[in-house]
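Respectively, the protein sequence lines represent chains B and H.
Counting from 1, one number per residue, gives the positions in the first sequence under my numbering.
Counting from 1001, one number per residue, gives the positions in the second sequence under my numbering.
Glycine is no exception: its CB is placed at the ideal position from the N, C-alpha and C atoms.
Right, one structure below, let's go through it.
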Amino acid sequence: MAKKIVTYILGFILVITLLISIALTILNQTVLKKEFVINLLEKNEYYSKIYADIYDTFINNTVQTGLDESILDGIITEEQVKNDVNSFVNYLYGIGEISIDTEGVKTRLEENINKEIEKNGKKLVQNEQEAINRYVSKIVEIYEDGITYAKSYAKTISNIVQKVQKASNIAQIVGYVATFVIALILITINKLKVVKYISVSIMSSGILLIIPKIIEASAMEIHNILILNLAFSEVLINVIETIISSFMITGIILFVIGFVFSTIYAKVDKE
Amino acid sequence: MHRERKNNTIMKATISNLVVAFIYVLIIVLTIGILFSSTISKAISLINTISIDKNNETLEDVKIDLEHNQLQSYPEFGSKYATIIIEDLDINLPLYYGDTYSILRYGVGQSIAGYFPGEGKSIICMGHNSKKFLRRLPEIKIGTKIRIETVYGNYTYTVQETKIVHQTELDAIKPQREKEILTLYTCYPVDTLGYPTQRFIVYAPLD
């Protein structure tokens, strides 16, 4: 009897270690992996959407300046936005420093403004020069914010991401080792029924991995998430959906494997 | 007979394994529920808070309850629900609900921090100072009439005061609830190049 209770308790612990290991593997392969995020940005056409968004904000800020919108021509390109966004993402994952071409934006904009003023033969008074300087600073700030959202928080976010990455990798390895050790203990305790206990644990882990999908479908409105802007929201929705779907698919596979093994064991045991 | 009994036994064993699996799940779900229920519900409610449902109400649905001076349903954010007219200055512009830069490219924007015409409180509107929009606003005189024609009624306001403030003086455009006053403003000076840091504000109570 005592042996049976210990076996069930170990089976229960096996569910937890298996669940944690698989969940962390999924997280490590998705949101905590830089390549996954970059691929997702590419897939969602994030760069071109952000480029359009930033350009639109430039125009919105130019309307009331008395300057022609043509001064914005060529001050940023989609390729430059892509490079700057990627540099920021790399930084968040602990690779390199943030290198956003704000100097380039500033120089090109100032050149365009000077050409425009020259073309109209206008002489600037001091107030106007100051106002133009403020406008240029504003445009540079818009560009930087458009790429990073909040540069001042970048260091903090990067630190958190790296700490989570490290902890998650260690926890994943510990989880698998613990799973393996518990499985070994189960084999030692009850060699004959080990398949039964392990398959039950696998089934339980499978069911638990399906639960986030059930919660998502019944209590959350992930498809309607709107935060910062549409492009960012789409990426965020995609990240959450990918994680939940990966949980669900892995959960179904585990449940089926557990069920099949459990049935086979029952059959073999009978025979 | 023997085969059938064997199958039954296999099925019973499988079902019993399934039951054990579900008991494990139940224990874990209950434990998580007890330990983290408030964190989970906070996370779900946070996600639902940042999930915006599309407003399917049309402008015809926007009506005012005259008894309580309150709109029964509001225009969708970003929709053009009125026209603002200052005949003396030749201004006739669409009025949108919302004041984001993208809205201000198309007309006058109404701040969501204020109230709607007819609600008896502050209506805060703004527009760019370009020729297309409110370039001539600083020419406005005390006593000038400003009309707002909404989808649910027309309202006339008379200019009582004008003011030039720095953009950081936010008290000048703070909404109040005692009296219906239209606060309309634009960037100032209007004919300068670059980013203006002052605001020309018009205060016009309802007639």
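Would you please verify whether the beta carbon of residue i is less than 9 Å from any beta carbon of chain B?
i, result
"isoleucine 1091 of chain H", "no"
"serine 1122 of chain H", "no"
"isoleucine 1085 of chain H", "no"
"aspartate 1191 of chain H", "yes"
"valine 1165 of chain H", "no"
"serine 1079 of chain H", "no"
"isoleucine 1112 of chain H", "no"
"cysteine 1125 of chain H", "no"
"arginine 1105 of chain H", "yes"
"isoleucine 1173 of chain H", "no"
"valine 1020 of chain H", "yes"
"glycine 1098 of chain H", "no"
"proline 1196 of chain H", "yes"
"tyrosine 1185 of chain H", "no"
"threonine 1168 of chain H", "no"
"isoleucine 1044 of chain H", "yes"
"asparagine 1154 of chain H", "no"
"isoleucine 1010 of chain H", "yes"
"threonine 1158 of chain H", "no"
Is residue i helix, strand or coil by DSSP?
i, result
"valine 260 of chain B", "helix"
"proline 1162 of chain H", "Here residue 1162 of chain H turns out to be threonine, not proline, going by the sequence shown. Strand at threonine 1162 of chain H."
"alanine 1204 of chain H", "strand"
"isoleucine 1015 of chain H", "helix"
"tyrosine 1152 of chain H", "coil"
"valine 112 of chain B", "According to the sequence displayed, residue 112 of chain B carries asparagine and not valine. Helix, per DSSP."
"leucine 209 of chain B", "helix"
"methionine 1 of chain B", "coil"
"alanine 295 of chain B", "Residue 295 of chain B lies beyond the stretch modelled for chain B, which goes from 1 to 271, so this question has no answer here."
"tyrosine 143 of chain B", "helix"
"glutamine 1110 of chain H", "strand"
"lysine 1031 of chain H", "According to the sequence displayed, residue 1031 of chain H carries threonine and not lysine. Threonine 1031 of chain H: helix per DSSP, three-state reduction."
"arginine 1199 of chain H", "strand"
"isoleucine 249 of chain B", "helix"
"lysine 1042 of chain H", "helix"
"isoleucine 173 of chain B", "helix"
"threonine 77 of chain B", "coil"
"isoleucine 1124 of chain H", "strand"
Comparing alpha-carbon positions, which option in the options lies nearest residue i?
i, options, result
"glycine 251 of chain B", "B:Asn90, B:Ile214, B:Asp269", "B:Ile214"
"valine 1190 of chain H", "B:Gly66, B:Ile26, B:Lys119", "B:Gly66"
"glutamine 126 of chain B", "H:Asn1008, H:Ile1064, H:Ile1103, H:Gly1194", "H:Gly1194"
"leucine 236 of chain B", "B:Ile185, B:Thr17, B:Tyr46", "B:Tyr46"
"serine 245 of chain B", "B:Ile26, B:Ile59, B:Lys138", "B:Ile26"
"isoleucine 5 of chain B", "B:Ile71, B:Lys151, B:Tyr197", "B:Tyr197"
"glutamate 1178 of chain H", "H:Glu1149, H:Ala1172, H:Ser1122", "H:Ser1122"
"threonine 1100 of chain H", "H:Glu1119, H:Gly1118, H:Gln1072, H:Gly1078", "H:Gly1078"
"alanine 171 of chain B", "B:Leu184, B:Asn28, B:Ser201", "B:Asn28"
"threonine 57 of chain B", "B:Leu10, B:Glu111, B:Gly146, B:Glu42", "B:Gly146"
"serine 199 of chain B", "B:Val260, B:Glu79, B:Leu230, B:Thr62", "B:Val260"
"cysteine 1125 of chain H", "H:Leu1093, H:Thr1168, H:Gly1153, H:Ser1041", "H:Leu1093"
"isoleucine 210 of chain B", "B:Ile253, B:Val140, B:Ile38, B:Asn83", "B:Ile253"
"glutamate 1087 of chain H", "H:Ile1050, H:Lys1063, H:Ile1015, H:Ile1146", "H:Ile1146"
"serine 168 of chain B", "B:Ile95, B:Ser21, B:Val63, B:Tyr8", "B:Ser21"
"cysteine 1187 of chain H", "H:Arg1136, H:Leu1030, H:Asn1008", "H:Arg1136"
"valine 1165 of chain H", "H:Pro1117, H:Asn1069, H:Lys1174", "H:Lys1174"
Are any of the Cβ atoms in chain H nearer than 9 Å to that of residue i?
i, result
"phenylalanine 247 of chain B", "no"
"asparagine 224 of chain B", "yes"
"lysine 220 of chain B", "The residue you asked about is not lysine; residue 220 of chain B is methionine in the sequence shown. Closer than 9 Å to some Cβ of chain H, the Cβ of methionine 220 of chain B qualifies, so yes."
"glutamine 64 of chain B", "yes"
"glutamate 144 of chain B", "no"
"glycine 74 of chain B", "no"
"valine 15 of chain B", "yes"
"phenylalanine 259 of chain B", "yes"
"aspartate 56 of chain B", "yes"
"phenylalanine 12 of chain B", "yes"
"leucine 124 of chain B", "yes"
"glutamate 130 of chain B", "yes"
"tyrosine 8 of chain B", "yes"
"tyrosine 265 of chain B", "yes"
"asparagine 238 of chain B", "no"
Please look up how many angstroms separate the CB atoms of residue i and residue j, rounded, as I've assumed it's under 8 Å.
i, j, result
"threonine 30 of chain B", "isoleucine 225 of chain B", "Incorrect: roughly 17 Å between the Cβ atoms, too far for contact."
"phenylalanine 255 of chain B", "glycine 206 of chain B", "3 Å"
"aspartate 73 of chain B", "glutamate 116 of chain B", "Actually they do not touch by this definition, with Cβ atoms about 10 Å apart."
"valine 1202 of chain H", "isoleucine 1140 of chain H", "6 Å"
"tyrosine 1097 of chain H", "tyrosine 1081 of chain H", "6 Å"
"tyrosine 265 of chain B", "valine 195 of chain B", "4 Å"
"valine 164 of chain B", "leucine 14 of chain B", "The Cβ separation is near 25 Å, so there is no contact."
"leucine 1206 of chain H", "tyrosine 1152 of chain H", "Not confirmed; about 15 Å, so no contact."
Taking 8 Å as the cut-off, is the beta-carbon of residue i closer than that to any non-hydrogen atom of the ligand HEM?
i, result
"serine 1051 of chain H", "Questions concerning the ligand HEM fall outside what the structure shown contains, since it holds no ligand whatsoever."
Selection of the stretch 1067–1078 of chain H by Cβ proximity to chain B, strictly under 7 Å: none
Contact residues within the stretch 1024–1042 of chain H, judged by C-beta distance below 8 Å to chain B: Tyr1024, Val1025, Ile1027, Ile1028, Val1029
query: Any residues in the stretch 183–203 of chain B with a beta carbon nearer than 8 Å to a beta carbon of chain H? Which ones, in chain order?
result: Lys196, Ser199, Val200, Ser201, Met203
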